[in-house]
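*Asks:*
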Amino acid sequence: MNFFYRLGQRIAGANSILCVGLDPDTAKLPLGVSMVEFNHAIIAATQAYVCAYKLNFAFYEAAGMAGWEVLEETIKGIPSDIPIIADAKRADIGNTSRAYAQSVFETLEVDAVTVSPYLGYDGVAPFLEYHDRGVFIICRTSNPGAADFQALSVASEGRIVPLYEVVAEKAVQWNEHGNIGLVLGATGAMELGTIRHKFPDLPFLVPGVGEQGGDPALVVRDGQGLRAEGLIINASRQVIFASSGSDFAKAAAQTARALRDEINGYRKIIAN
34 MNFFYRLGQR IAGANSILCV GLDPDTAKLP LGVSMVEFNH AIIAATQAYV
84 CAYKLNFAFY EAAGMAGWEV LEETIKGIPS DIPIIADAKR ADIGNTSRAY
134 AQSVFETLEV DAVTVSPYLG YDGVAPFLEY HDRGVFIICR TSNPGAADFQ
184 ALSVASEGRI VPLYEVVAEK AVQWNEHGNI GLVLGATGAM ELGTIRHKFP
234 DLPFLVPGVG EQGGDPALVV RDGQGLRAEG LIINASRQVI FASSGSDFAK
284 AAAQTARALR DEINGYRKII AN
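In the numbering used here, the protein residues as written are 34 to 305.
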């Protein structure tokens, strides 16, 4: 079953396009709570309000072998009807990318992954060979330094356009199996709207709301596509670290529910 079809089913069932990032920064964990305990508590508290979970691999890899075990246990603890996105930002030369793809899709058995496009098609192709899995290509990110490269003006087919727009165009060309989406940061509303206008059917994964300053109202206004699964809004720190005390799971649930409802309110306005 295609990843985006499954995602659409989950969006409809949960009435949510909110994705929660499970990024257990050890410096922020409540006192006496392990990474595994923290993640499992967050999952139990928020699962009713999410369409997916996104796991940023950096927080697990930083903990060494123990972190890899936490990653595996976290994946096992996510209900089977909720898609899992590996925020790994992988890509390399062909044979290395093939190993990366095997790692996320066969060893860890996640449903989707984020990849970098800057090695070109051969760096992305091994991920695309898993036709039932999602591949989110990094297009325009939320961080202040994104403009250093992503916004550079380049020549493409007789036009001068930003590099991120060429990335989006290439993603469409590579989307033979319908398993490609784009990563677009919530802080770049203008860029988000530009890409959405040109590619109304392409799924977008949009991180950067909350702590990074992205506005959910603008994301929905500029990013809502024609497909049910066309927009996924990710929130991480805003939800999982809503409280640093023993009530952290309850606070995460309240924040996730409130954010889901806020986003749905904007969706209704756009639909009408």
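Idealized CB from N, CA, C, for every residue including glycine.
Are the beta-carbon atoms of T79 and V53 separated by less than 8 Å?
*Replies:* On the sequence shown, residue 79 is found 46 positions in, with the first residue counted as 1. On the sequence shown, residue 53 is found 20 positions in, with the first residue counted as 1. Going by C-beta atoms, T79 is nearer than 8 Å to V53.
*Asks:* Which residues does DSSP list as the beta-bridge partners of R173?
*Replies:* For the purposes of this step, residue 173 is taken as residue 140 along the sequence shown, with counting starting at 1. DSSP output for R173 lists L217 as bridge partner(s).
*Asks:* I'd like the ranges of any alpha helix (DSSP H) spanning at least 4 consecutive residues and lying wholly in the segment 59–99.
*Replies:* 68–79 and 90–94
*Asks:* Between A81 and I115, how many whole angstroms is the CB-CB distance? I'm expecting something under 8 Å.
*Replies:* The sequence position of residue 81 within the sequence shown is 48, counting from 1. The sequence position of residue 115 within the sequence shown is 82, counting from 1. The pair is not a contact, with the Cβ atoms about 10 Å apart (cut-off 8 Å).
*Asks:* From G41 to A222, what distance separates their C-alpha atoms?
*Replies:* Working through the sequence shown from its first residue, we reach residue 41 at position 8. Working through the sequence shown from its first residue, we reach residue 222 at position 189. Each residue's Cα considered, the two are about 24 Å apart.
*Asks:* Ordered along the chain, which non-local residues of its own chain (more than five positions away) have a Cβ less than 7 Å from that of A304?
*Replies:* Numbered from 1 along the sequence shown, position 271 holds the residue referred to as residue 304. Cβ within range, chain order: n/a, list empty.
*Asks:* With R282 and A60 assumed to form a contact (beta carbons below 8 Å), what rounded beta-carbon distance in angstroms separates them?
*Replies:* Within the sequence shown, the letter at position 249 stands for residue 282. Within the sequence shown, the letter at position 27 stands for residue 60. Position check: residue 282 holds Ala in this sequence, whereas Arg was assumed. Contact flag wrong, Cβ pair sits at about 19 Å.
*Asks:* Hey, out of G211, L238 and V200, whose CA is closest to G218's CA?
*Replies:* Your numbering for residue 218 matches position 185 in the sequence shown. The candidate whose alpha carbon is nearest that of G218 is L238.
*Asks:* Where does S136 fall in DSSP's three states?
*Replies:* The sequence position of residue 136 within the sequence shown is 103, counting from 1. Correct three-state label for S136: helix.
*Asks:* What's the gap between the Cα of K231 and the Cα of D181?
*Replies:* Within the sequence shown, numbered from 1, the residue matching residue 231 stands at position 198. Within the sequence shown, numbered from 1, the residue matching residue 181 stands at position 148. One C-alpha to the other measures close to 23 Å.
*Asks:* For F237, report the span of its alpha helix (DSSP H) as first-last.
*Replies:* The sequence position of residue 237 within the sequence shown is 204, counting from 1. Segment F237 to V239 is the beta strand (DSSP E) holding F237; no alpha helix (DSSP H) there.
*Asks:* Under 8 Å, with one C-beta from each stretch per pair, do the segment 151–159 and the segment 112–131 reach the 3-pair mark?
*Replies:* yes
*Asks:* Here's the rule I'm using: 16 or more other beta-carbon atoms within 10 Å means buried, otherwise exposed. How should K109 be labelled?
*Replies:* As a working note, residue 109 is residue 76 in the sequence shown. Residue environment for K109: exposed (fewer than 16 other C-beta atoms within 10 angstroms of its C-beta).
*Asks:* Could you compute how far the alpha carbon of P150 sits from the alpha carbon of A74?
*Replies:* To locate residue 150, count along the sequence shown from 1; it is residue 117. To locate residue 74, count along the sequence shown from 1; it is residue 41. Cα to Cα, P150 sits roughly 35 Å from A74.
*Asks:* Please return the same chain residues whose Cβ sits closer than 7 Å to the Cβ of F241, not counting the five positions on each side in sequence.
*Replies:* The residue given as residue 241 occupies position 208 in the sequence shown. Going by the sequence as given, residue 241 is Gly instead of Phe. Excluding sequence neighbours, G241 sits near S175, G218, A219, T220 and G247.
*Asks:* With a 10 Å radius around its C-beta and 16 neighbouring C-beta atoms as the bar for buried, classify Y38 as buried or exposed.
*Replies:* By one-based count along the sequence shown, residue 38 stands at place 5. With fewer than 16 other Cβ atoms within 10 Å, it is exposed.
*Asks:* Taking its Cβ as the centre, do 16 or more other Cβ atoms sit within 10 Å of M34, making it buried, or is it exposed?
*Replies:* Looking up residue 34 in the sequence shown gives position 1. So M34 counts as exposed.
*Asks:* Using only the alpha-carbon positions, how far apart do D234 and S279 sit?
*Replies:* Reading the sequence shown from its first residue, position 201 is the one you call residue 234. Reading the sequence shown from its first residue, position 246 is the one you call residue 279. Cα-Cα distance, rounded: 43 Å.
*Asks:* What residues match up with P195 in a beta bridge as DSSP calls it?
*Replies:* Start at 1 with the first residue of the sequence shown, and residue 195 comes out as number 162. Note: P195 sits in a beta bridge opposite S186.
*Asks:* Take A184 as the anchor and find which of E202, R173, R192 and Q257 has the nearest alpha-carbon.
*Replies:* The sequence position of residue 184 within the sequence shown is 151, counting from 1. Of E202, R173, R192 and Q257, the residue nearest in Cα terms is R173.
*Asks:* Give me the Cα-Cα distance between E244 and R270, rounded to the nearest whole angstrom.
*Replies:* For this step, residue 244 is matched to residue 211 along the sequence shown. For this step, residue 270 is matched to residue 237 along the sequence shown. Approximately 7 Å, taken between the alpha carbons.
*Asks:* Between which two residues does the alpha helix (DSSP H) carrying I303 extend?
*Replies:* Start at 1 with the first residue of the sequence shown, and residue 303 comes out as number 270. F281 to A304 is the extent of the alpha helix (DSSP H) around I303.
*Asks:* What's the C-alpha gap between I193 and V199?
*Replies:* Walking along the sequence shown from the start, residue 193 turns up at place 160. Walking along the sequence shown from the start, residue 199 turns up at place 166. Answer to the nearest angstrom: the Cα atoms are 10 Å apart.
*Asks:* Short of 7 Å in beta carbon distance, which residues of its chain neighbour A291, apart from the five on each side in sequence? Order them along the chain.
*Replies:* By 1-based counting over the sequence shown, the position of residue 291 is 258. Closer than 7 Å at Cβ, skipping near neighbours: no residue.
*Asks:* Answer yes or no: do D120 and N89 have a C-beta to C-beta separation smaller than 8 Å?
*Replies:* Residue 120 sits at position 87 when you count from the first residue of the sequence shown. Residue 89 sits at position 56 when you count from the first residue of the sequence shown. The answer is yes: Cβ separation under 8 Å.
*Asks:* Report yes if the C-beta distance between F169 and G214 is below 8 Å; otherwise report no.
*Replies:* For the purposes of this step, residue 169 is taken as the residue at position 136 of the sequence shown. For the purposes of this step, residue 214 is taken as the residue at position 181 of the sequence shown. Yes, these two residues count as a Cβ contact at 8 Å.
*Asks:* If I measure Cβ to Cβ from T140 and keep anything under 7 Å in the same chain, skipping five residues before and after, which residues do I get?
*Replies:* Working through the sequence shown from its first residue, we reach residue 140 at position 107. Excluding positions up to five away in sequence, the list is empty.
*Asks:* Under a three-way DSSP split, which group does R123 fall into?
*Replies:* Sequence index remark: in the sequence shown, residue 123 carries index 90 (1-based). Here R123 sits in strand by DSSP.
*Asks:* In chain order, what are the residue ranges of uninterrupted alpha helix (DSSP H) at least 4 long that sit wholly in the segment 234–268?
*Replies:* 249–256
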